[in-house]
Amino acid sequence: MDIAFRSLTISGSATIIGGLVFVPVGGLIYFYSFRLKNVLIGIINTFFSVPTVFVGLIIFATFSKDGPFGVFGLLFTPTVMLLGQIMLIAPIIAGMTISALSSVNEDIRDTATSLGANRSQVIYTVIREARYGVITGLLLAFGRAISEVGLAIMVGGNIKNYTRTLTTSMSLETSMGNLDMSMALGIILISVALIVNMVGNGLKGR
């Protein structure tokens, strides 16, 4: 189905781009000491559960006709949906990266240092040990992205054959009384979420 492929494409792309940007951001926050570091981490963790409609409102105001980037005409396009999802999952990726790095046993870092490893080598060793936790964070971010509906409707407009996704289509079909179709779409979405959770649980056990 086109809407399933579109959902996977937008959310998958958001997760990949978000990972490339915010995994390093999480690493920088963890490895370097600076003032208000704990405050920043607390803010990041708070935004784990930010309402999707709030993110949608910010994106809408930014890319609407009267917004600062309205000249680009990106509102109600897959591109702005992608940007919105990146903004939505950024705290999850950065926060889970910090958490994964924090969970690495200090003995590993101490052992690497005692064996003569320089700072870069120590950082590489810690990241390598935390890789499964980081991947789990990316899977959680993907699950958050593909299951959201408020942001997609606000900035995507639920346009047929263009910005309609699994969740927005479910909302539309339900409002039209087509419960069978809505349930079928829900099963597809749950199946995707189940696969993601199974992969994540498998990584947690490693």
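Take 0 as the starting number for the sequence shown in numbering that gives the first Met the number 0 and just add one per residue. Cβ atoms here follow ideal geometry from the backbone N, Cα and C, with glycine treated the same way.
Identify which residue in the options has its Cα closest to the Cα of residue i.
{"i": "ILE134", "options": "VAL22, SER6, LEU7", "result": "VAL22"}
{"i": "ARG108", "options": "SER102, THR124, ILE97, GLY149", "result": "THR124"}
{"i": "LEU73", "options": "THR162, LEU184, THR14", "result": "THR162"}
{"i": "THR45", "options": "MET95, THR164, ALA116, LEU7", "result": "MET95"}
{"i": "PRO77", "options": "ALA151, PHE30, SER190", "result": "ALA151"}
{"i": "VAL24", "options": "ILE43, ARG34, ILE9", "result": "ILE43"}
{"i": "ILE57", "options": "MET80, GLY11, ILE158, ASP179", "result": "MET80"}
{"i": "ILE9", "options": "SER170, ILE189, SER146", "result": "SER146"}
{"i": "PHE59", "options": "PRO50, PHE75, ARG118", "result": "PHE75"}
{"i": "ARG5", "options": "SER190, THR173, THR167", "result": "THR167"}
Going along the chain, which residues of its own chain have a beta-carbon closer than 6 Å to the beta-carbon of residue i, five neighbours each way excluded?
{"i": "GLY142", "result": "ALA192, VAL195"}
{"i": "ILE88", "result": "GLY17, ALA140, ARG143, ALA144"}
Keeping to the same chain, check which residues put their C-beta closer than 7 Å to that of residue i; ignore five residues upstream and five downstream.
{"i": "GLY199", "result": "THR135, LEU138, LEU139"}
{"i": "GLY55", "result": "GLY83, GLY149, LEU150, MET153, VAL154"}
For residue i, I'd like the list of residues in its chain whose CB is within less than 8 Å of its CB, leaving aside the five on either flank, ordered along the chain.
{"i": "LYS36", "result": "ILE28"}
{"i": "MET182", "result": "none"}
{"i": "ALA207", "result": "Absent from the model: residue 207. The displayed extent of the chain is 0 to 205, so no value can be given."}
At what residues does the alpha helix (DSSP H) containing residue i begin and finish?
{"i": "ASP65", "result": "Per DSSP, ASP65 belongs to no alpha helix (DSSP H) and is neither H nor E."}
{"i": "ALA89", "result": "77 to 101"}
{"i": "ARG130", "result": "130 to 146"}
{"i": "ILE107", "result": "105 to 113"}
{"i": "MET169", "result": "165 to 174"}
{"i": "PRO23", "result": "1 to 30"}
Report back the beta-carbon spacing between residue i and residue j to the nearest angstrom; my notes put them in contact at under 8 Å.
{"i": "ILE91", "j": "ALA13", "result": "Contact doesn't hold; Cβ gap of about 11 Å is too wide."}
{"i": "ILE2", "j": "LEU178", "result": "At roughly 17 Å, the Cβ-Cβ gap does not stay under 8 Å, so ILE2 and LEU178 are not in contact."}
{"i": "VAL121", "j": "ALA111", "result": "5 Å"}
{"i": "LEU100", "j": "GLY26", "result": "7 Å"}
{"i": "ASN160", "j": "LEU171", "result": "Incorrect: roughly 13 Å between the Cβ atoms, too far for contact."}
{"i": "MET175", "j": "GLY185", "result": "With 8 Å as the limit, MET175 and GLY185 do not qualify as a contact, their Cβ atoms being about 15 Å apart."}
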